[in-house]
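Residue numbering for the sequence shown follows this note's numbering, starting at 438 and increasing by one per position.
Where is the CB? At the ideal position from N, CA and C, for every residue including glycine.
Taking it in order: structure first as structure tokens, then the write-up.
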Amino acid sequence: MRGHPELISSRRNPLVRQLRELHGGRGRREQALLLLEGTHLLQEVRRLGQVPHQLIATEAWQLAHPDLLAPAPHWPPWQPVTAEVLAAIATTEHPDGVVLTLAPPSAEGLEHTLLAVGAGEALLMVLDGLQDPGNLGTLLRTALAAGATAAWLAEGADPFQPKVLRASAGAVLELPIWRGSRPELLARLERAAAAGLQLVATLPPSSGARPYWELDWCRPTAVLLGNEGAGLAPELQAHAHARVTIPHREAVESLNVAVAAAPLLLERQRQRAQSKAAGR
Ligand SMILES: C[S@@+](CC[C@H](N)C(=O)[O-])C[C@H]1O[C@@H](n2cnc3c(N)ncnc32)[C@H](O)[C@@H]1O
């Protein structure tokens, strides 16, 4: 461990206030930092070779994780705090003893997204005003698992809030994410369509849309998923080249959006595996 900062035992310490400000979007923008909570996110930061800005942990956590304390290049020294101070900093009810701060992902990823659109391998997940942080985090995790190139978000929940970061299991740190207004998203989708992407609207079965497995998902694709309550906005539906559904019983009107996204986003992998097995 480099340096030996003194144990912080008072919740009135300025560090607590600085870190609590990162619970809100304004604090994150002003400080240009994200607050990450828990051992798993710390491990993801390490795995991705990213460098935290601050590392804060209880002494008990440090004793239990000697493997994670080994200094990585350019990492700051560990700041020990009491369990009470850590609880005051964290947003979770039962924090596991460690939090860190990190600069938000840079715009480089977005350039990569645009290049990938031209490269013909694009799989974009497009979210229209997703409100629930748990849904958003789950969707970003699924998109990363499915090999998505990027996520484009029209308004909705902030993907960099602690709850989304946790629900995404760190996918927010790896997947290029763009977020803007719906008109900006429409303009982006028009450019994506001009570059050869098929825009696919996803709708409940009552829409009469065709089963999703009938579509050729191996083409460069943008999957459009709608808001939890209102579904996909009519102007986004109007831009789509195809309308697909996951057929299910009428006992429910629709699926949870994060549940629906899994078969849709993973269908490309299934179709590719099937073609390979058939020797095509
Ligand atoms: C909870 S649903 C919204 C329901 C809304 N009342 C509607 O009519 O669209 C949220 C989103 O999940 C996706 N979704 C839900 N069930 C689906 C299904 N069976 N097939 C395809 N997409 C679905 C769609 O993107 C939908 O906009």
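Asked: Quick one: is S749 buried, meaning 16 or more other Cβ sit within 10 Å of its Cβ, or exposed?; Found: Residue 749 lies beyond the residue range present for the chain, which begins at 438 and ends at 717; the question has no answer from this structure.
Asked: Indicate the three-state DSSP secondary structure (helix, strand or coil) for W498 in the structure shown.; Found: helix
Asked: With distances taken Cα to Cα, identify the nearest neighbour of A587 among K600, Q598, L564 and P613.; Found: P613
Asked: Could you tell me whether the stretch 672-686 touches the stretch 618-631, using the rule of 3 or more Cβ pairs below 8 Å?; Found: yes
Asked: Quick one: what's got a C-beta closer than 7 Å to R616's C-beta in the same chain, skipping five residues either side?; Found: L590 and P596
Asked: Classify S446: buried if its beta carbon has 16 or more other beta carbons within 10 angstroms, exposed otherwise.; Found: exposed
Asked: At a cut-off of 7 Å, is G663 close to ligand 1 when judged by its beta-carbon and the heavy atoms of the ligand?; Found: yes
Asked: Run through the DSSP bridge pairs and tell me what A659 is partnered with.; Found: L561 and L636
Asked: Cutting at 7 Å between CB atoms, please list the residues of its own chain near A527, excluding the five before and the five after it.; Found: E474 and V536
Asked: Pick out the complete beta strand (DSSP E) segments inside the stretch 454-542, 3 residues or longer, and give them in chain order.; Found: 471-474, 491-495, 515-518 and 535-539
Asked: Determine the closest residue to W650 out of E458, P684, G663 and A659, with distance taken between C-alpha atoms.; Found: P684
Asked: With DSSP as the reference, label W615 as helix, strand or coil.; Found: strand
Asked: Identify which residue in E496, G464, D504 and W515 has its Cα closest to the Cα of P489.; Found: W515
Asked: Assign T586 to one of three DSSP states: helix, strand, or coil.; Found: coil
Asked: If you run the structure through DSSP and keep just helix, strand and coil, what is G566?; Found: coil
Asked: Could you tell me if the beta carbon of H678 falls within a distance shorter than 7 Å of some heavy atom in ligand 2?; Found: In terms of ligand content, the structure shown lacks ligand 2 and carries ligand 1 instead.
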